[in-house]
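Chains as they are written, first to last, in full-length UniProt numbering: chain A, 1 to 123; chain B, 1 to 123; chain C, 1 to 123; chain D, 1 to 123; chain E, 1 to 123; chain F, 1 to 123.
As structure tokens, then:
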């Protein structure tokens, strides 16, 4: 994995653990919902991840965008599909979304590089 | 069509005409993009409409939600699919999305009633 | 109760029922959390209601503001306490909060009039 | 004046009086700043009003937009200048600004009609 | 004090000085209001700080959250009280608040460590 | 140029190139509009840049603020004019704009230092 992806995931997991060990019921349930909401239901998992990505982008939450980019990547989305989703987010959310689009592109590149590096390492 | 749906569409069309007859280039092109962005590309039309719906819901724009509910309805989405998309929007956007969820439900009911009425009238 | 307060509550309850009868698990749990989060815990109920009011005000959600104004009213808050909370919301959220402040004041007046009318009717 | 403009101003003034008679110091000072900030300084009054309009539009506050449209109108802005400012707001804020643009256009029309009616009445 | 807390405060103070030495009247008065609004009034200081924290959290302003966490810490709030306030913010503001919750937890840890270190140093 | 300004511009240009080489039509057109919208029209270029700055500030987009600060600087705005525009943004957007105001001040200082350094080097 690329250093940037690893660092993002490590911080996320470390702090999520800190939060959850506190046992605040409301927060724990929201975290729990956050897992359940993206499971297969009337809509399939891929569609839901894309919805999560676009909602995160228009709300301009870089960490949320990164998280959903990573799950979209794992779900096998092509870059052009992800970019098309982000283009809709940029149109709806306006040019203030562009700085987040730049960081999203950078993170996607990291995800692709991680993956090709992983492939090389495994061989 | 139900009175509420008709009124919404009539106002929307009347004012869009007023805006476009003004010939402001930037606005005209944004309106143009707003049509093109939802056309079939790497993603299909249905997925794109759902992305538009969820982005509108988390940004809490009632008119945008109504517009995308109507196109989702025309694209043949089942209510439970639309509700699942809106449930993700409510989780991501928080309980402040709930008042918009209430109005979205009301408008979807109007769309369903319009449609059944239309069917009756056509027979 | 004043007509405005009654109408607000009636619509809210009617649409909440419509939403909940749909049995979307995520939405039902969010509604459930929305009740639990304001119950006595480390913080008392009054403080929590005031937090809900201020969060609603800075996010400029009129319906959420009305809902929390009503619960604040029932919890026995004095008007000057509520106004002081709203003054902090206006400072943090800026002058774009002012139109929502106007509607909050109007709704509080309705709540006070409802109550005095109720008192008169009961006598 | 058109009924819509009059109603908007009357409600605004009535509720502002209600708010100010309460003597909350923070709110009173914010209202006071709201007057002073748009007075001539390093920037002229017209530029400041246009800044207020665009900020209100991207934050999607209809009442704030109406207020600044009215002051822009009184300051003698041409419609195409106001529309150009709103086009920048729509580009920066995205297509979710469009419903607010429709209502802004409608209000500007009311302002123009009010004015021509006033002219006729004065003659 | 921990390095992170110190750095945050140092930057904040340095830039606030830069801003205030410029003598822009509107900005100076807003800064002044920002001090006065949290002083004891109809509501006590602790409640007001908690309102500031929750408003900052739902508006997803990391620096504002840090500032109010520090004042809450100094006012003697227990962690579970602060977490309960943040749980309401996360419910109202949705899962996009979670990345800010992670950073809030990290900063609170810094505040607690600073304090225990200070105690050790003073002995 | 100062290191901070250079780094900001370099990243911006690098990632914009990455985005544009992808040939997503919607995004390319939005980028194109983003150039055209600030050209001379009914309003002059300087006014438009100031509108872009204030819209970016109330939407709390640091990168957008930096970009418009740089163009405002190049257009010859005096610091007190820019500060006055930002004071209106802070009033409209509230105290949550203040952390962005601090970073805006810091970036403006960088722009001024860059410029004086450039002058020295050219001599």
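From the three backbone atoms N, C-alpha and C, an ideal C-beta is built for every residue, glycine too.
Open item on the list: Taking its Cβ as the centre, do 16 or more other Cβ atoms sit within 10 Å of residue 32/C, making it buried, or is it exposed?
Closed with: Within the third chain, the letter at position 32 stands for residue 32/C. Residue 32/C is exposed by the Cβ-count criterion.
TODO: Could you list the residues in the UniProt domain "Carboxymuconolactone decarboxylase-like" (29-104) of chain F with a C-beta less than 7 Å from some C-beta on chain E, going in chain order?
DONE: Cβ contacts with chain E: 83, 84, 87, 90, 91, 95, 96, 99, 101, 102.
Open item on the list: Suppose contacts are defined by Cβ-Cβ distances below 8 Å. Is residue 99/B in contact with residue 64/C by that definition?
Closed with: One-based indexing of the second chain puts residue 99/B at position 99. One-based indexing of the third chain puts residue 64/C at position 64. Residue 64/C is positioned such that its CB atom lies closer than 8 Å to that of residue 99/B.
TODO: Please check the pair residue 46/C and residue 77/C, which I expect to be a contact at CB under 8 Å, by giving their CB distance rounded to whole angstroms.
DONE: Position 46 of the third chain holds residue 46/C. Position 77 of the third chain holds residue 77/C. Contact flag correct, Cβ pair sits at about 7 Å.
TODO: Hey, could you find the ends of the alpha helix (DSSP H) residue 63/D is sitting in?
DONE: Taking the fourth chain and counting its residues from 1, one reaches residue 63/D at position 63. Where residue 63/D is concerned, the enclosing alpha helix (DSSP H) stretches over 62-74.
TODO: Kindly give me the distance between the Cβ atoms of residue 54/E and residue 89/E, rounded to whole angstroms, as I take these residues to be in contact under 8 Å.
DONE: As a first step, residue 54/E is located in the fifth chain; it is residue number 54 there, counting from the start. As a first step, residue 89/E is located in the fifth chain; it is residue number 89 there, counting from the start. Confirmed, Cβ separation roughly 5 Å.
Task: 4-residue-minimum alpha helix (DSSP H) runs that sit fully inside the region 3-57 of chain B, ordered along the chain - done: Fully enclosed alpha helix (DSSP H) runs of 4 or longer: 3-20, 25-36.
- [ ] Taking only beta-carbon positions, decide if residue 110/B is within less than 8 Å of chain C.
- [x] Here residue 110/B refers to the residue found at position 110 when the second chain is read from its first residue. No, residue 110/B does not count as interfacial toward chain C.
TODO: Give a yes or no on whether 8 Å exceeds the smallest Cβ distance from residue 7/C to chain D.
DONE: If you number the third chain from 1, residue 7/C lands on position 7. Residue contact with chain D for residue 7/C: absent (no Cβ-Cβ distance below 8 Å to any residue of chain D).
- [ ] Note down the Cα distance separating residue 51/C from residue 50/E, rounded to an integer number of angstroms.
- [x] For this step, residue 51/C is matched to residue 51 along the third chain. For this step, residue 50/E is matched to residue 50 along the fifth chain. C-alpha separation (whole angstroms): 8 Å.
Open item on the list: Nearest by alpha-carbon distance to residue 58/F: which of 116/F, 82/F, 91/F, 102/F is it?
Closed with: Locating residue 58/F in the sixth chain gives position 58, where the first residue counts as 1. When only C-alpha atoms are compared, the closest one is 91/F.
Task: Same chain, Cβ closer than 8 Å to residue 13/B, five either side skipped, listed in chain order - done: The residue given as residue 13/B occupies position 13 in the second chain. If we look at residue 13/B and ignore the five residues flanking it on each side, it has no Cβ neighbours.
Open item on the list: With a threshold of 8 Å, are at least 3 pairs of Cβ atoms found where one atom belongs to the region 100-107 of chain C and the other to the region 32-43 of chain D?
Closed with: Taking one beta carbon from each stretch, the region 100-107 of chain C and the region 32-43 of chain D have fewer than 3 pairs nearer than 8 Å; the two do not touch.
TODO: Pull up the distance between the alpha-carbon of residue 17/A and that of residue 62/E, whole angstroms please.
DONE: In the first chain, the residue the question calls residue 17/A occupies position 17. In the fifth chain, the residue the question calls residue 62/E occupies position 62. Rounded to the nearest angstrom, the two C-alpha atoms are 20 Å apart.
Task: Straight-line Cα distance separating residue 93/C from residue 110/C - done: Working through the third chain from its first residue, we reach residue 110/C at position 110. Working through the third chain from its first residue, we reach residue 93/C at position 93. Straight through space, the alpha carbons of residue 93/C and residue 110/C are spaced by roughly 25 Å.
- [ ] Find out if the Cβ-Cβ distance for the pair residue 87/B, residue 24/C is shorter than 8 Å.
- [x] Along the second chain, one-based indexing puts residue 87/B at 87. Along the third chain, one-based indexing puts residue 24/C at 24. In contact: residue 87/B and residue 24/C (Cβ atoms closer than 8 Å).
Open item on the list: As a quick exercise: from 79/C, 85/C, 96/C, pick the residue whose alpha carbon is nearest that of residue 112/C.
Closed with: Position 112 of the third chain, counted from the start, is the residue given in the question as residue 112/C. Taking only the C-alpha atoms, the option nearest residue 112/C is 79/C.
- [ ] Please list the partners that residue 13/B has in chain C, where partner means a Cβ-to-Cβ separation under 9 Å.
- [x] As a working mapping, residue 13/B is identified with position 13 in the second chain. Residues of chain C with a Cβ closer than 9 Å to the Cβ of residue 13/B do not exist, since the nearest Cβ in that chain sits about 27 Å away.
Open item on the list: I'd like the span of the alpha helix (DSSP H) that includes residue 90/C, first residue to last.
Closed with: By 1-based counting over the third chain, the position of residue 90/C is 90. Residues 79-93.
Task: residue 101/A - DSSP class collapsed to helix/strand/coil - done: Translated into positions along the first chain, residue 101/A becomes position 101. Three-state DSSP puts residue 101/A in a helix.
Open item on the list: Give me the chain E residues within the contact set of residue 21/F, using Cβ-Cβ distance strictly less than 7 Å, ordered along the chain.
Closed with: Counting from one through the sixth chain, the residue named residue 21/F turns up at place 21. Using a Cβ-Cβ cut-off of 7 Å, residue 21/F is close to nothing in chain E; its nearest Cβ partner there is about 30 Å away.
- [ ] Look at the alpha carbon of residue 15/F and the alpha carbon of residue 96/C, and state the distance between them as a whole number of angstroms.
- [x] Taking the sixth chain and counting its residues from 1, one reaches residue 15/F at position 15. Taking the third chain and counting its residues from 1, one reaches residue 96/C at position 96. A direct Cα-to-Cα measurement between residue 15/F and residue 96/C gives close to 34 Å.
Task: Residue from 105/F, 10/F, 108/F, 85/F with nearest C-alpha to residue 43/D - done: Residue numbering aside, residue 43/D sits at position 43 when the fourth chain is read from its first letter. Taking only the C-alpha atoms, the option nearest residue 43/D is 85/F.
Open item on the list: So for residue 111/D, helix, strand or coil by DSSP?
Closed with: Looking up residue 111/D in the fourth chain gives position 111. Residue 111/D: helix per DSSP, three-state reduction.
Task: Nearest candidate by alpha-carbon position, reference residue 21/D, set 7/C, 83/C, 2/C - done: Stepping through the fourth chain from its first residue, residue 21/D is reached at position 21. Check the Cα spacing between residue 21/D and each of 7/C, 83/C, 2/C: the tightest is with 83/C.
Task: Cα-Cα separation between residue 19/D and residue 1/E, rounded to whole angstroms - done: Taking the fourth chain and counting its residues from 1, one reaches residue 19/D at position 19. Taking the fifth chain and counting its residues from 1, one reaches residue 1/E at position 1. Straight-line measurement puts the Cα of residue 1/E at about 43 Å from the Cα of residue 19/D.
TODO: Determine the direct distance from the alpha carbon of residue 30/B to that of residue 66/C, and round the result to whole angstroms.
DONE: Reading the third chain from its first residue, position 66 is the one you call residue 66/C. Reading the second chain from its first residue, position 30 is the one you call residue 30/B. Each residue's Cα considered, the two are about 35 Å apart.
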